[in-house]
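For the sequence shown, the positions run 17 to 343 when this note's numbering is used.
See below for the structure under consideration.
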Amino acid sequence: MDRQRLIGVVITVASAFGFASGTIVARPVYAAGVDWLGFLTWRFVFGAALSWLWVAAWPASRAALRRLERRQVTIAVSLGLLFTLNAGTYFAGLQWIPASLAGVIVYIYPVLVAVLASRFTQGLGGPRPWIALGITMVGVLLALGGIPAVDRPPLLGIVLVMSGGAIYSVYIILSARLSGERSDRLGRETDPGRATASAAVTTALTMTGTMVMYLIVATLAGTHFLPAAIPASAWPGLFAGGALGSFLAIQAFYAGSRRIGAANAALVSTVEPVFIVSMAAIFLGEHLAPLQLAGAALVIVGVVIAQTGAARGGPQPARPMDAETAG
């Protein structure tokens, strides 16, 4: 494995840890009396603020911001609006679903990324992604079947969490297209510094779009999200959600996927449910039953099957991003 690919893998693992921690810190925030909409509003306020501070701190990122065209800004902000749906459905469902189980259910998304990548970016051809999707769905059913009927979460919560995974898979593919990744080539930056700078700017714009949307929705919904209405005990979780679950997670995923491709980044993110289940056991006292663990293992097996093997059309050389799609 070459050095830049190794760096991409490490960055993507950091992203998986960030997303996993966002799931864990939501629980104490909910327990403090802040609902999912208030949590997400502040999560992206902090996340967007940290992202712009990061852009301002590095000359390369400021230069990448100046290179952006209006069309690229529009697309990046639009991706942020799409991320509103992904985060909203997942964290709304998390009100009813244990964090460890939600981490397993939502993990249908890497397989969906493989299915979509086979059509829209560089991915596997043939039946492999579809076989993996079937295996993954069996794993999800086993994970749900391991819950006693009396403790089984409501169907709405399950549907919301699965919807979050499906929307996130679309978000990843669109992000890859924005990065210049196509079905006939893996269009990532040959200059690692420029790739990182572009990822920083894209993250800041995306999170700004998400933040603005949540501020609007929270205001229209009458959610008590102003600082005076937030219990003091909720602020550490809100900041951690913004710093780890938004800023670190999204920035690192962009930077990692630009080095190794969206489908490979989703494969590396297989460690995310492991992080979630482990942290849920340590910090929340949650444990999966043996049948649920078997289901989680099947989900991971499905992800690996979906995203390993020769890429469709054979390996493609990396090329610099087009001026039209850089950013």
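The beta-carbon is built from N, C-alpha and C at its ideal position, and this holds for glycine as well.
Using the rule of at least 16 other Cβ atoms within 10 Å of the residue's Cβ for burial, across every protein chain shown, is residue i buried or exposed?
i	result
residue 319	buried
residue 237	exposed
residue 202	Here residue 202 scores only 39 on pLDDT, less than 50, and its place in the model should not be relied on; the value that follows carries that caveat. Under this definition residue 202 is a buried residue.
residue 54	buried
residue 144	buried
residue 170	exposed
residue 289	buried
residue 59	buried
residue 301	exposed
residue 127	buried
residue 259	buried
residue 95	buried
residue 305	exposed
residue 175	exposed
Compute the Euclidean distance between the alpha carbons of residue i and residue j, then round it to the nearest angstrom.
i	j	result
residue 103	residue 56	8 Å
residue 21	residue 33	19 Å
residue 30	residue 23	11 Å
residue 151	residue 130	14 Å
residue 72	residue 78	6 Å
residue 257	residue 146	34 Å
residue 80	residue 101	28 Å
residue 308	residue 52	26 Å
residue 317	residue 110	24 Å
residue 191	residue 275	13 Å
residue 321	residue 132	15 Å
residue 97	residue 66	19 Å
residue 177	residue 269	20 Å
residue 64	residue 125	24 Å
residue 244	residue 49	13 Å
residue 187	residue 303	30 Å
residue 215	residue 159	35 Å
residue 183	residue 108	14 Å
residue 173	residue 46	15 Å
residue 9	residue 247	One cannot answer for residue 9 here, as it falls past the ends of the chain, which runs 17 to 343.
residue 299	residue 44	10 Å
residue 264	residue 189	20 Å
residue 19	residue 70	24 Å
residue 206	residue 38	For residue 206, the predicted structure reports a pLDDT of 45, less than 50, and the residue's modelled location is therefore unreliable. A value from the coordinates is still provided. So the alpha carbons of these two residues sit roughly 31 Å apart.
residue 89	residue 99	15 Å
residue 218	residue 25	19 Å
residue 148	residue 185	15 Å
residue 313	residue 273	24 Å
residue 294	residue 157	21 Å
residue 271	residue 241	31 Å
Contact check, residue i vs residue j under 8 Å by CB: the rounded distance?
i	j	result
residue 120	residue 261	Between residue 261 and residue 120 the Cβ distance is about 18 Å, and since that is not below 8 Å, they are no contact.
residue 266	residue 239	Actually they do not touch by this definition, with Cβ atoms about 23 Å apart.
residue 42	residue 292	Contact flag wrong, Cβ pair sits at about 11 Å.
residue 106	residue 180	3 Å
residue 40	residue 296	6 Å
residue 123	residue 315	5 Å
residue 213	residue 76	4 Å
residue 61	residue 227	6 Å
residue 220	residue 68	5 Å
Mind checking if residue i is an interface residue toward chain C, Cβ cutoff 9 Å exclusive?
i	result
residue 284	Chain labels in this structure do not include chain C; a single protein chain is all it has.
Review point. What are the uninterrupted segments assigned as beta strand (DSSP E) that are 3 or more residues long and contained completely in the segment 215-294, given in chain order?
Key: none
Practice item. Evaluate the contact criterion for the segment 66-86 versus the segment 272-281: three or more CB pairs, one atom per stretch, below 8 Å. Key: no
Practice item. Flag this pair as touching only if the segment 153-160 and the segment 220-240 have three or more C-beta atom pairs under 8 Å; answer yes or no. Key: no
Check your understanding: Using 8 Å as the threshold, is the segment 112-119 in touch with the segment 248-265, meaning 3 or more CB pairs across them?
Key -> no
Review point. In chain order, which alpha helix (DSSP H) runs of at least 4 residues are fully inside the segment 22-106?
Key: 52-73, 75-83
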